Amino acid sequence: MLPSGEIWNETARVVNGQVVINLPDANIKYQIESIALPNAVTDVSDEENLPIEWKLEQNYPNPFNPSTTISYSLPKAGLVHIEVYNLLGQVVTSLVNEELPAGQHQIQFDASGLASGTYFYRLTCGSFSDIKKMLLMK
71 MLPSGEIWNE
81 TARVVNGQVV
91 INLPDANIKY
101 QIESIALPNA
111 VTDVSDEENL
121 PIEWKLEQNY
131 PNPFNPSTTI
141 SYSLPKAGLV
151 HIEVYNLLGQ
161 VVTSLVNEEL
171 PAGQHQIQFD
181 ASGLASGTYF
191 YRLTCGSFSD
201 IKKMLLMK
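Mapping the sequence shown onto this note's numbering, position 12 (from 1) lands on 82, and the numbers just tick up by one.
Here it is as structure tokens:
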């Protein structure tokens, strides 16, 4: 039996999903306590960081001049639309119209070409829709 704590450096390879190490003496049983895999990536998952619900945040700052940030959360990927409306319900601009992955997102809205006043922004993605009010003060 080999002394406990002896360190060997042997090459390992993966065969059919199992780690195979060629050791010099096939008549000795070895108990492997650890295998160092430098620079190896095992299982990485960001699912625990994904939002669990659809959410449209209040813009900030609010009131704003001339730009503001709109943040939103998507629990799954989808075609996202964010539009800005005036008090008459007319679309002033479309901020987002694209397929986006699940996660936290934000967009800057530059209203330098608009008059002071109350505006609304609406997020739609699949069957989800929400609307918030914002105030542009010049």
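Backbone N, C-alpha and C define an ideal beta-carbon position, used for all residues, glycine too. Note that this is a predicted model, so its numbers are computed, not measured.
The distance from the Cβ of residue 208 to that of residue 190 is about 18 Å, inconsistent with a contact at the 8 Å cut-off. Going by DSSP, residue 190 is part of the beta strand (DSSP E) stretching over 187-195. In this chain, the beta strand (DSSP E) harbouring residue 164 covers 161-170.
Spatial neighbours of residue 204 in its own chain (CB-CB distance under 6 Å, excluding positions within 5 residues in sequence) are listed in chain order as 129, 132 and 189. Taking C-beta separations shorter than 6 Å and ignoring five residues to either side along the sequence, the partners of residue 181 in its chain run 136 and 206, following chain order. Exposed is the label assigned to residue 149, since fewer than 16 other Cβ atoms lie within 10 Å of its Cβ.
The C-beta separation of residue 140 from residue 179 comes to about 6 Å, placing the pair in contact by the 8 Å criterion. The residue among 124, 86 and 187 with its C-alpha nearest the C-alpha of residue 157 is 187. Between residue 171 and residue 147, the C-beta spacing is below 8 Å.
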